[in-house]
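Input: a single structure, listed below in structure tokens.
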Amino acid sequence: MFGYVLPDKPNLYIKDFALFRAYYCGLCHATKGESGQLARLGVNYDATFISLFFHGLHGVPVSVVEKRCILNPKKRPVIAATPLMKSIARFNLVLLGMKLEDDRADGEWHPFRRMAFSGQVKKARRISPEFAVLADECRVRQAEEEEKGSSLDGAAEPFADMMRQAFALLAGEKSSPEVERIGYLLGKYVYFMDALDDYDADVREKKFNPFRRTFGSESYVELKKTHEADVRFIAEEIIRGIEEAYRSVELTDNEGIVTNILWYGLRWRLDTVLKKEKGKCSRIRL
Amino acid sequence: MFKNPFVVLGVSKDATQAEVQEAYEKLREEYRNEIHLEGDGGKHAAKKLSELEEAYRTVMEQLSSGREIRGVYDHVASLLKARKYDEAQSALDKVSDRGAEWHYYQSAVYHGKGWYYEAKAQLEMAINMDPDNQKYKDTLSRMQNHSADPTGTTTGSTPHATGGSTRGGYDTYENMERNTRRSTAADCCTSLICADCCCECMGGDLIRCC
């Protein structure tokens, strides 16, 4: 469920790109500090967005330090770990743990991934039990929804609602209905994008897929042929809803990069998912 | 024999409760006077009177239930304005007579909650049940154009701001896309001219006329 909330790189200012990378590296270093080297593999762009958004919302004063990375010997500017950054790193690990549990329940056994994360996930859950509670509740509700065979929107509800509550927790006293709504709709967006991306795999392995339940197509190509307009409608309504809520949210910092992600990045990613391109390959909008 | 209660009462179909009451009392007085007549006249009046009672009851029932439903929908609309979607949903759930308008409000509740696919489905149901209603069709087309508040219930009327607002140094998506397109068309010519200049520097020629 990761890697759907990214900036639209061709339309990103260099300064914002530098900021994005500094936060990404910062989150990675914070994860190392919290949970050790192997857990760093779980750092992703979605968590980076959450970090950017909440540091901007709270106006947390951040300091930049130069650090080396295990993957790259060159020193890079990195945002020094703040308590908020650490908290988001743990949230990200709890989410990863949730995904691993799902995979295990589906009979997918990844010894390496388990080895890398299980201890760290446990630790993160112990330090931040509030996130652990959210994640567990989400898994239970998700299983119920899949059992019940509810609608497209119903199937997305547990994950979206979990994201809403997580945003409320992370926003603390700065929380507002709009911040929660951004969390809710982002959760929904990520859930749907993931379901679209995994469509063929889910059909092959006979796993639950909300789009398959609703539209019944046998393959992603067929789904696009018959229901692309519906899919596009839903996703664009979600993005529009996010824009609407974002309008009344005031950010102290990081406004540029967050705006780029919410205004352009989500649409760009939707296009790549619908065209089934690789997410990381940048496409210049012409 | 079943008679149209509105005809029996001699009022129009969209009469108010007070008008119905007045017509009923007037006719009842009339028939009561006639009922004491001898022979057929009295019998006729008695029959008329029972018809009148029946019609009055039916019409009053219809009127009050109509008002009740109206009240529910007004209540739902006010809940939507206050963004209390769960309460609006439970108010709607209590309505058993689910016509086109019910689906319209259900669509508004779903849209407010962020259940966009369901919202569209409910609105299409409303249009199916009442194909002549222009309000539903306008709402659907607004929804399909991704206007901020298609049902106009959640925020009153906030026009979707399209032009002129930038944030964090970025133009809105619509403006960005338009500008990118425009500049690519212009860029095409500029780059051709540039290529021509380069060619000429090197002794060749790309565009013959300049």
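Line order of the protein sequences matches chains A and B.
For the first sequence, my numbering begins at 1 and goes up steadily by one.
For the second sequence, my numbering begins at 1 and goes up steadily by one.
Every residue gets a Cβ at the ideal spot worked out from N, C-alpha and C, and that includes glycine.
For clarity, every value in this text was computed on a predicted model and none was experimentally measured.
Tell me the rounded alpha-carbon separation between residue i and residue j.
i       : j       : result
R125(A) : D130(B) : 53 Å
Q212(B) : K67(A)  : Residue 212(B) falls outside the range modelled here, since chain B spans only 1 to 210, and no answer is possible.
K15(A)  : V258(A) : 13 Å
E130(A) : P210(A) : 28 Å
K32(A)  : Q122(B) : 49 Å
S128(A) : L134(A) : 11 Å
A195(A) : A55(B)  : 58 Å
G36(A)  : A22(A)  : 19 Å
R67(B)  : Y136(B) : 21 Å
A161(B) : F117(A) : No answer about A161(B) holds up, because its pLDDT of 44 lies below 50 and its placement is not dependable.
K26(B)  : E19(B)  : 11 Å
V190(A) : L206(B) : 49 Å
I182(A) : A148(B) : 15 Å
Y110(B) : Y173(B) : 26 Å
V43(A)  : A18(A)  : 17 Å
E118(B) : V11(B)  : 41 Å
R70(B)  : K13(B)  : 17 Å
A126(B) : R57(B)  : 30 Å
V94(A)  : K188(A) : 18 Å
E147(A) : R267(A) : 32 Å
I193(B) : K86(A)  : 54 Å
D230(A) : D171(B) : 27 Å
M60(B)  : E38(B)  : 32 Å
G97(A)  : A235(A) : 27 Å
P77(A)  : A91(B)  : 55 Å
I242(A) : S248(A) : 11 Å
F54(A)  : V5(A)   : 15 Å
E200(B) : N179(B) : 31 Å
Could you check how far apart the C-beta atoms of residue i and residue j are, in whole angstroms? I think they sit under 8 Å.
i       : j       : result
G112(B) : R142(B) : Contact flag wrong, Cβ pair sits at about 14 Å.
A88(B)  : V76(B)  : 5 Å
L63(B)  : Q134(B) : Actually they do not touch by this definition, with Cβ atoms about 26 Å apart.
T214(A) : L152(A) : 5 Å
K48(B)  : Y31(B)  : 5 Å
R167(B) : E244(A) : Not confirmed; about 13 Å, so no contact.
Could you check whether the Cβ of residue i sits closer than 8 Å to any Cβ belonging to chain B?
i       : result
K188(A) : yes
F233(A) : yes
Y184(A) : yes
G241(A) : yes
D271(A) : no
Y199(A) : no
D367(A) : With chain A covering only 1 through 286, there is no way to say anything about residue 367(A).
V179(A) : no
S151(A) : yes
V258(A) : yes
G279(A) : Note that G279(A) scores 41 on pLDDT, short of 50, meaning its location in the model is unreliable and no value can be drawn from it.
Y4(A)   : no
R267(A) : yes
I79(A)  : no
E244(A) : yes
R283(A) : In this prediction, R283(A) has a pLDDT of 47, which is less than 50 and means its spatial position is unreliable; what the coordinates show is noted afterwards. No, R283(A) lies away from the interface with chain B (no Cβ there is under 8 Å from its Cβ).
Y191(A) : no
E237(A) : yes
Y264(A) : yes
Say whether chain A places a C-beta atom closer than 8 Å to the C-beta of residue i.
i       : result
M202(B) : no
Y24(B)  : no
R67(B)  : no
T139(B) : no
Y173(B) : yes
Q89(B)  : no
Y56(B)  : no
A108(B) : no
Q21(B)  : no
R83(B)  : yes
R178(B) : no
Y104(B) : no
T162(B) : In this predicted model, T162(B) has a pLDDT of only 43, less than 50, meaning its place in the structure is not dependable; the value taken from the coordinates is given anyway. For T162(B), the answer is no, since every Cβ of chain A falls outside 8 Å of its Cβ.
R167(B) : yes
Q144(B) : yes
A18(B)  : no
A148(B) : yes
Y73(B)  : no
Runs of beta strand (DSSP E) lying entirely within the region 69-151 of chain B, each at least 3 residues, in chain order: Fully enclosed beta strand (DSSP E) runs of 3 or longer: not present.
Against chain A: residues of the region 114-137 of chain B by CB proximity under 9 Å: The residues in question are G114, W115, Y116, Y117, E118, A119, K120, A121.
Beta strand (DSSP E) runs wholly inside the region 56-83 of chain A, at least 3 long, in chain order: With a minimum length of 3 residues, the continuous beta strand (DSSP E) runs that stay inside the region 56-83 of chain A are 64-67, 76-79.
Runs of alpha helix (DSSP H) lying entirely within the region 178-219 of chain A, each at least 4 residues, in chain order: Segments of the alpha helix (DSSP H) lying fully in the region 178-219 of chain A: 199-204, 210-215.
Selection of the region 8-42 of chain A by Cβ proximity to chain B, strictly under 7 Å: Listed by position, the residues of the region 8-42 of chain A near chain B (Cβ gap below 7 Å) are N11, Y13.
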